[in-house]
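Please read the structure below before turning to the comments.
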Amino acid sequence: MTDAKKTSRSTKPTDATADGFTDEERSAMKARAKEVRAASRGGSAADKAAAAEAEVVAKIAEMPEEDRALAEKVHSLVKAVTPELAPRLWYGMPAYAKDGKVLCFFKPASKFKARYATLGFSDVAGLDDGVMWPTEFALTGLGPAVEERIATLLKTAAN
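If you want this note's numbering, it's the 1-based position in the sequence shown plus 42.
The structure is reproduced here in structure tokens:
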């Protein structure tokens, strides 16, 4: 290989570490490991539920203003529309579980340096619609129409 070809190729990793994960991805994996350890600790179900909700509220409070405003509204919508869902953290993000399995989650834009926050649904959610349907929705703002759409998605997903 000529010297020109050698210098034209970049051998530096972009924003990923040597193992291929970005710092944000590594942070999310560490958060998930911490969540699993916390869930395995003893205590009553009511105590665990209260602690999980407090962790979600605290995580939302740590978010940058734009993400926090969206997350607070999503949190209140989930609690109002689907009170049977249990708040918890999932990879360091606010999430809501049904029968112990994450049904939906709020991914702040700041989490992975994204352009917008998202409201996502796992395969537990009953959103099936034919052979293809969305499972993650971009959120850049909320208003009555968007809140109504989220409420409909939550009700459908939880049933």
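C-beta atoms are modelled at their ideal positions from N, C-alpha and C, and glycine is treated no differently.
Task: A137, enclosing beta strand (DSSP E) - first and last residue - done: From DSSP, the beta strand (DSSP E) with A137 extends over 135-140.
Open item on the list: Give me, in chain order, the residues of the same chain whose beta-carbon lies closer than 7 Å to that of G162; leave out the 5 immediate sequence neighbours on both sides.
Closed with: Excluding sequence neighbours, G162 sits near C146, F147, K149, T177, E178.
Open item on the list: As a quick exercise: from S164, A113, E126, L131, pick the residue whose alpha carbon is nearest that of L184.
Closed with: Ranking the options by Cα distance to L184, first place goes to A113.
Open item on the list: Which complete beta strand (DSSP E) runs does the region 96-145 hold, if anything under 3 residues is left out?
Closed with: Runs of beta strand (DSSP E) with 3 or more residues, each lying fully within the region 96-145, are found at 128-132, 135-140, listed in chain order.
- [ ] May I have the straight-line CA-CA distance separating A200 from W175, to the nearest angstrom?
- [x] Taking the CA atoms as reference points, A200 sits about 16 Å from W175.
- [ ] Ignore the nearest five residues each way along the sequence and tell me which others in G62's own chain have a CB closer than 7 Å to its CB.
- [x] Cβ neighbours of G62 beyond the five flanking positions: none.
TODO: Taking A94 and P136 to be in contact with their CB atoms under 8 Å, please state how far apart those CB atoms are, rounded to whole angstroms.
DONE: Incorrect: roughly 10 Å between the Cβ atoms, too far for contact.
Task: Euclidean distance between Cα positions of I102 and L131 - done: Cα to Cα, I102 sits roughly 10 Å from L131.
TODO: Count the other CB atoms, across all protein chains shown, that sit within 10 Å of the CB of G134; report buried if there are 16 or more and exposed otherwise.
DONE: Classification for G134: buried.
Task: S86 to G168 span [Cα, whole Å] - done: A direct Cα-Cα distance of roughly 29 Å separates S86 from G168.
Open item on the list: Please identify the residue among R157, E126, A187 whose C-alpha is closest to the C-alpha of G142.
Closed with: Among R157, E126, A187, the Cα nearest to that of G142 belongs to E126.
- [ ] Under the assumption that K153 contacts E97 (Cβ atoms under 8 Å), give the Cβ distance between them as a whole number of angstroms.
- [x] Going by Cβ atoms, the distance from K153 to E97 rounds to 16 Å, so no, they are not a contact pair.
Task: Backbone CA spacing between R110 and E104 [nearest angstrom] - done: Counting only the Cα atoms, E104 lies some 8 Å from R110.
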